[in-house]
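Quick note: the sequence shown uses the numbering used here, first residue 1, plus one each step.
Even for Gly, the Cβ is constructed at its ideal location relative to N, Cα and C.
Presented below is the structure to which this report refers.
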Amino acid sequence: MSKNVFANGREVSARKDGNMSNGAMPDTCLSPPPPPAGPIPIPYPNFSKSSDTSSGTRTVLVGGDEVGIKNTSNYKKSNGDEAATKALGMGVMSHQIQNTTYFAAWSFDVKFEGENAVRHLDLTTHNNMK
């Protein structure tokens, strides 16, 4: 049996499906320079993995694992900006590094457990401060 499930032509975002969410480039972070200069703003890529799904469905499973739903699920961390440091102020806009990714879009008519299903390629926001 296939583990791929689609909603409105897009694959449903489940923990085991191996999808990635790429944040809009660049994620500019203050990074350590060689001494004696101060922090330098450097653009980094930013991405999250569906394997980091948190707070997904409890009864609806795809591939034997939880599925993402509107306003509940997230990817626990984003990657790519690890070289930035907390001591230097982290992200220029978000003031975060490696923080949570939330969905900003979802299927309007496919629901799991009463909430809209999130899908691969739906809009996300990275490095949230929650």
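Specify, as a first and last residue, the run of the beta strand (DSSP E) that residue i falls within.
i    : result
T101 : 101 to 103
D27  : 27 to 31
I42  : 40 to 44
N22  : 20 to 22
Give me the residue from the options with the minimum Cα distance to residue i.
i    : options            : result
G181 : E115, D122, L123   : There is simply no residue 181 to check, as the chain begins at 1 and stops at 130 in what is shown.
P113 : G91, N71, Y44      : Correcting the residue type first, residue 113 is Glu in the shown sequence and not Pro. If we check each option's Cα against that of E113, N71 comes out closest.
F103 : L88, P36, L121     : L121
Q98  : R58, G38, T28      : T28
L88  : S31, S13, E11, D17 : S31
V62  : T124, N4, L123     : N4
Can you name, in chain order, every residue of its own chain whose Cβ lies under 7 Å from the Cβ of residue i, other than the five neighbours on each side?
i    : result
R15  : S50, S51, T53, G56, D65, E66
S107 : A7, N8, N116, A117, R119
A105 : D122, L123
If you drop the 5 nearest sequence neighbours on each side, which residues of the same chain put their C-beta closer than 6 Å to that of residue i?
i    : result
S48  : S21, Y75, S78, T101
D109 : none
With a threshold of 16 other CB atoms inside 10 Å of the CB of residue i, please say whether the residue is buried or exposed.
i    : result
I40  : exposed
R119 : buried
A84  : buried
Next item on the list: Would you mind listing the beta strand (DSSP E) stretches within the segment 51 to 75 that are 3+ residues and don't spill past its ends, in chain order?
Entry: none
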